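Chains as they are written, first to last, in the numbering used here: chain A, 1 to 154; chain B, 1001 to 1154.
Beta carbons are placed, not taken as given, at the ideal position from N, Cα and C, and that holds for glycine.
Bear in mind the structure is a predicted one, so any value in this text is a computation, not a measurement.
2 protein chains.
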Amino acid sequence: MTEAQRAGFSRCNNATLRRAARRLGRFYDDALAPSGLKGTQFGLLFQIHVSSEPAMGAIAEALIMDLSALGHTLKPLIRDGYVETFADKDDRRIKRVRLTPQGEAKLDEAIKLWSAAQRQFEERVGAEQAAKLRATLDAVADLDLQMPAAAPSD
Amino acid sequence: MTEAQRAGFSRCNNATLRRAARRLGRFYDDALAPSGLKGTQFGLLFQIHVSSEPAMGAIAEALIMDLSALGHTLKPLIRDGYVETFADKDDRRIKRVRLTPQGEAKLDEAIKLWSAAQRQFEERVGAEQAAKLRATLDAVADLDLQMPAAAPSD
DNA sequence: CGATGAAAGTGGCATATGCCACTATTTGGC
DNA sequence: GCCAAATAGTGGCATATGCCACTTTCATCG
């Protein structure tokens, strides 16, 4: 491997993104710790809260998560009584999700902690810079990425 | 919860970052699939490759990973014969890591696949834009984030 | 030198995520 | 109405990550 390639890898968009995610994840996790929630759980509760009894698939799509991964992640939240599920009236394949009263309360509690972390972060990088970063990340998340499928013949 | 708060959360830097990471992770994972490596494993092999028989702690620090997480992540790579470890000559607490010949070969193979994904990504967002994003993410990763420790009374 | 505390990893436990195979429902033809 | 195809989730398996408690080595100080 040449030096050029070595330098090249430090430019791996995926590695860079994950690295930053690990750092930021720990920061938000620490901030949320008093509530007993992880950053991902908080995000999931919030997503459910702001949706109208969303179907699993809808949540997965919104968060760009694998449907089965969502199911797994939901389990501890159901176990702890923050979330409950119920079958859709018209289509029994569909499972809808909502927060329990305890879930709403826990979310309220967590939001206070989250706000402090969010404020802290934006203080460091600047609200404007943070907004720009999020916009870029959202754009990346919405990309329809796909490899050229190894020359689809014809 | 008010609409203002709802909007507020869509501004969670952590959630936005993770969401983008999931998308991009899948893209790179797909691209690397023919090699049998995941994006993280590729990144880890690369990091080891470009370092000089790094100690576990050094790798963890470079990748902003928990030391124990690194240990776990390393296991399948050791099991598959891509990586090997050995004790430091002067300090037996330190465990150093290096690629095996098979590991080097696998890395070479993966780099070809990675390059295609990287190229594809940069084509979509623009090389310059991608570089700016990585710079921002690196800056975020290097932040010394920390909550004010709940009024340290002085 | 011996006790003490710091440094580097390991193992166990728990959550986060994905893929794949499989099941249950619904929908669409015929 | 019946069977094939599409939809929505589940469960199992594997990796990704972290925290905490514990072990092994060093380094320091008296």
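Proximity winner among Tyr82/A, Ala33/A, Arg18/A and Arg23/A, relative to Leu44/A (alpha-carbon distances): Walking along the first sequence from the start, residue 44/A turns up at place 44. Minimum Cα distance to Leu44/A is reached at Tyr82/A.
If you measure from the beta carbon of Phe27/A to each beta carbon in chain B, is any gap under 8 Å? By 1-based counting over the first sequence, the position of residue 27/A is 27. So yes, Phe27/A belongs to the interface.
Say whether chain B places a C-beta atom closer than 8 Å to the C-beta of Ala20/A. On the first sequence, position 20 is the one that residue 20/A refers to. Closer than 8 Å to some Cβ of chain B, the Cβ of Ala20/A qualifies, so yes.
At which residues does the beta strand (DSSP E) containing Glu1061/B begin and terminate? Reading the second sequence from its first residue, position 61 is the one you call residue 1061/B. First-last for Glu1061/B: Met1056 to Leu1063, but that is the alpha helix (DSSP H), not the beta strand (DSSP E).
Would DSSP call Glu53/A helix, strand or coil? Taking the first residue of the first sequence as position 1, residue 53/A is located at position 53. If DSSP states are grouped into helix, strand and coil, Glu53/A belongs with coil.
Apply the 10 Å Cβ neighbour rule to Ala1015/B and answer buried if 16 or more other Cβ atoms are within range, or exposed otherwise. Mapped onto the second sequence, residue 1015/B falls at position 15. Under the 10 Å beta carbon count, Ala1015/B is surrounded by 16 or more other beta carbons and is classified as buried.
Excluding the 5 residues preceding and the 5 following Ala110/A in the sequence, name in chain order all residues of the same chain whose CB lies nearer than 7 Å to its CB. Mapped onto the first sequence, residue 110/A falls at position 110. If we look at Ala110/A and ignore the five residues flanking it on each side, its Cβ neighbours are Leu32, Ser35, Leu37 and Phe42.
Output needed for Tyr28/A: all residues of its chain with C-beta closer than 6 Å, excluding positions within five of it in sequence on either side, in chain order. Mapped onto the first sequence, residue 28/A falls at position 28. Result list for Tyr28/A: Gly39 and Ala117, in chain order.
Nearest-angstrom Cα distance between Ser1153/B and Gln120/A? By 1-based counting over the second sequence, the position of residue 1153/B is 153. By 1-based counting over the first sequence, the position of residue 120/A is 120. Any answer about Ser1153/B is weak, because its pLDDT of 36 lies below 50 and its placement is not dependable; what the coordinates show is given next. Spanning the two alpha carbons is a distance of roughly 19 Å.
From Leu133/A to Leu1017/B, what distance separates their C-alpha atoms? Your numbering for residue 133/A matches position 133 in the first sequence. Your numbering for residue 1017/B matches position 17 in the second sequence. For Leu133/A and Leu1017/B, the gap between their C-alpha atoms comes out near 9 Å.
Check whether the Cβ of Leu143/A lies closer than 8 Å to any Cβ atom in chain B. Position 143 of the first sequence, counted from the first residue, corresponds to residue 143/A. With respect to chain B, the C-beta atom of Leu143/A has a partner C-beta closer than 8 Å.
Residues from the region 1044-1067 of chain B in contact with chain A, defined by Cβ distance under 8 Å: Identification of residues in the region 1044-1067 of chain B having a C-beta nearer than 8 Å to some C-beta of chain A yields Phe1046, His1049, Val1050, Leu1063, Ile1064 and Met1065, given in sequence order.
Coil, strand or helix - Thr1100/B by DSSP: For the purposes of this step, residue 1100/B is identified with residue 100 of the second sequence, where counting begins at 1. In the structure shown, Thr1100/B sits in coil (DSSP, three-state: anything other than H, G, I, E or B).
The beta strand (DSSP E) spanning Ala1033/B covers which residue range? Position 33 of the second sequence, counted from the first residue, corresponds to residue 1033/B. According to the DSSP assignment, Ala1033/B belongs to no beta strand (DSSP E), since it is labelled neither H nor E.
Which of helix, strand or coil DSSP assigns to Lys1089/B: As a first step, residue 1089/B is located in the second sequence; it is residue number 89 there, counting from the start. Under the three-state reduction of DSSP output, Lys1089/B falls in the coil class, being neither helix nor strand.
Can you round the beta-carbon distance between Arg1019/B and Ala135/A to whole angstroms, since I take them to be within the 8 Å contact cut? Counting from one through the second sequence, the residue named residue 1019/B turns up at place 19. Counting from one through the first sequence, the residue named residue 135/A turns up at place 135. With a Cβ gap of about 13 Å, Arg1019/B and Ala135/A do not count as contacting.
Quick one: is Leu1067/B buried, meaning 16 or more other Cβ sit within 10 Å of its Cβ, or exposed? The residue labelled residue 1067/B in the question sits at position 67 within the second sequence. Taking all protein chains shown into account, Leu1067/B has fewer than 16 neighbouring C-beta atoms within 10 Å of its C-beta and is therefore exposed.
Determine, for Arg1134/B, whether the minimum Cβ-Cβ distance to residues of chain A falls below 8 Å. As a first step, residue 1134/B is located in the second sequence; it is residue number 134 there, counting from the start. At least one CB of chain A lies nearer than 8 Å to the CB of Arg1134/B.
At a Cβ threshold of 8 Å, is Gly39/A touching chain B? As a first step, residue 39/A must be located in the first sequence, where it is residue number 39. Yes - at least one Cβ of chain B is within 8 Å of the one on Gly39/A.
DSSP state of Ala141/A, grouped into three classes? Along the first sequence, read from residue 1 onward, the residue named residue 141/A stands at position 141. Three-state result, Ala141/A: helix.
Buried or exposed (CB count within 10 angstroms, at least 16 for buried), Lys1106/B: What you label residue 1106/B is simply residue 106 of the second sequence in a count that begins at 1. Per the 10 Å Cβ criterion, buried.
Give a yes or no on whether 8 Å exceeds the smallest Cβ distance from Thr73/A to chain B. As a working mapping, residue 73/A is identified with position 73 in the first sequence. So no, Thr73/A is outside the interface.
So, helix, strand or coil for Lys1112/B, using DSSP? Here residue 1112/B refers to the residue found at position 112 of the second sequence. Helix, per DSSP.
Tell me, please, whether the CB atom of Gln1102/B is closer than 8 Å to any CB atom in chain A? As a first step, residue 1102/B must be located in the second sequence, where it is residue number 102. False, the Cβ-Cβ gap to chain A never drops below 8 Å.
Less than 8 Å between CB atoms is the rule here; does Phe121/A satisfy it with respect to chain B? Within the first sequence, numbered from 1, the residue matching residue 121/A stands at position 121. Chain B contact via Cβ: present.
Under 7 Å from the C-beta of Leu1017/B: neighbouring residues of chain A: On the second sequence, position 17 is the one that residue 1017/B refers to. Residues of chain A passing the Cβ test: Ala20, Ala21, Leu24 and Leu137.
Could you check where the alpha helix (DSSP H) with Ile953/B kicks off and where it finishes? Lying before the first or after the last residue shown, residue 953/B is absent from chain B, which here runs from 1001 to 1154.
Check each residue of the region 1087-1100 of chain B: if its Cβ is closer than 9 Å to any Cβ of chain A, include it; give the result in chain order. So nothing in the stretch comes that close.
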